[in-house]
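Structure first, commentary second.
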Amino acid sequence: MLDLTGKVILVTGGSRGIGAATVRTLAAAGAQVIVHYGQSGGEAEAIVRDLGEDKALALGADLSRPGVAVDLFREAISWRGRIDVLVNNAGVAPSVTVDEPLGEWAETWARTLQVNLIAVADLCREAILHFRGRGGGIIVNVASRAAFRGDNPDAMHYAASKGGVIALTRSIARGYARENILAYAVAPGWVRTDMAAGYVREHAADIAREIPLGDVAPPEEVANTVAFLASGLARHMTGATLDINGASYV
Ligand code: NAD
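To convert a position in the sequence shown, counted from 1, into the working numbering, add 3.
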């Protein structure tokens, strides 16, 4: 078991899916975790009750609203006076195709880029400014396999947002390594969460064929990878994006 005792970690979108699994894994390894949620706080508060208020805090912020990420990071710091690791996990995957009206297309692109990329960049900015004064820190961004191989025609905006996350991560790693600020991304394929449930249900046979391991990943496997990166044991891997897809990308 990795030892994260004493680390204060902000997990965005920590209320469910990959984020919730990550929160529980980090807490089990000794971290104190800020469980950020988007719209409704019930799930995040239930996790905090489970883990104990000395180990976790629920914080809400709608990252589809420009600028909100900055307030979220500052509020998160005030809990324990610092943050050691930022995990940018919150994300959305709405559908839109070229056949929809232009207004709907533009709104979906803007909302997806805002939540999946601009809010992530804003949080990274706040983290870099904070880490600088403290001798370093770690950022782990949740991207997607879609960044490398593209996505279906109704999710091109999603693939583009996650490609941006990977480029952002590499840029931070290159630019701030000398200040001991480490940045990683993970790129899951299909993961068993609410976001993927519909597709996974409808395309079970395709998925079994497409993924050499034969099934979709449980969220806990993404969580384990994030915990490893958050531990600081992988310093020279800074800038890397880790595939978590049962060999379905290669
Ligand atoms: P999920 O829908 O179960 O959870 C998404 C999380 O993001 C939730 O906690 C939600 O509160 C938060 N969120 C959504 N909109 C928000 C907003 N406007 N403001 C603040 N928070 C908001 O999805 P998941 O599958 O757990 O996805 C987590 C991350 O993993 C996402 O970035 C997603 O793109 C990525 N991912 C998922 C899969 C998959 O197959 N499930 C594959 C690759 C990457």
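The C-beta atom is built at its ideal place from N, Cα and C for all residues, glycine as well.
### the ligand NAD heavy atom lying under 8 Å from the CB of Y179
no
- Query: Which residue from T100, E182, A146 and R173 puts its Cα closest to that of R135?
  - Reply: E182
Comparing alpha-carbon positions, which option in A226, V123 and G139 lies nearest V170?
-> The question names Val, but residue 170 in the sequence shown is Ala. Comparing Cα-Cα distances from A170 to each of A226, V123 and G139, the minimum goes to V123.
Just to confirm my understanding: we take M198, look at its own chain, exclude 5 residues before and 5 after, and list those with CB closer than 7 Å. What are they?
G20 and A96
Nearest-angstrom beta carbon gap, V189 and V256 [assumed within contact, 8 Å] = As shown, the chain starts at 4 and ends at 253. That puts residue 256 outside it, with no answer to give.
key: N266 - containing beta strand (DSSP E), residue span   = There is simply no residue 266 to check, as the chain begins at 4 and stops at 253 in what is shown.
Would you tell me roughly how many angstroms separate the C-alpha atoms of S174 and R152, rounded to the nearest one?
Distance from the CA atom of S174 to the CA atom of R152, rounded to whole angstroms, is 21 Å.
Requested in this report: Indicate, with yes or no, if the ligand NAD has a heavy atom lying under 8 Å from the CB of V27.
Outcome: One point to set straight first is that residue 27 is Arg, not Val, in the sequence displayed. False, no ligand heavy atom lies under 8 Å from that Cβ.
Exercise. Can the beta-carbon of A29 be found closer than 9 Å to that of L7?
Worked result: It should be noted that the sequence gives Leu, not Ala, for residue 29. Cβ distance < 9 Å, so L29 and L7 count as in contact.
Query raised in the report: Hey, how far is the Cα of I50 from the Cα of I12?
Result: 15 Å
Nearest candidate by alpha-carbon position, reference E213, set S251, W193, V225 and H239:
In terms of CA proximity to E213, S251 leads the group S251, W193, V225 and H239.
Same chain only: Cβ atoms within 6 Å of L75, ignoring 5 sequence neighbours per side: A64
Margin query: Rounding to the nearest angstrom, what Cα-Cα distance links V256 and D125 in this structure?
Written below: Since the first and last residues shown for the chain are 4 and 253, residue 256 lies out of range.
Three-state secondary structure (DSSP) at P191? strand
Terminal residues of the beta strand (DSSP E) in which I37 lies:
It spans Q35 to Y40 - the beta strand (DSSP E) in which I37 sits, taken as one unbroken run.
Open item on the list: Let me check one thing: in DSSP terms, what residues is A122 bridge-paired to?
Closed with: Beta-bridge pairing links A122 to no other residue.
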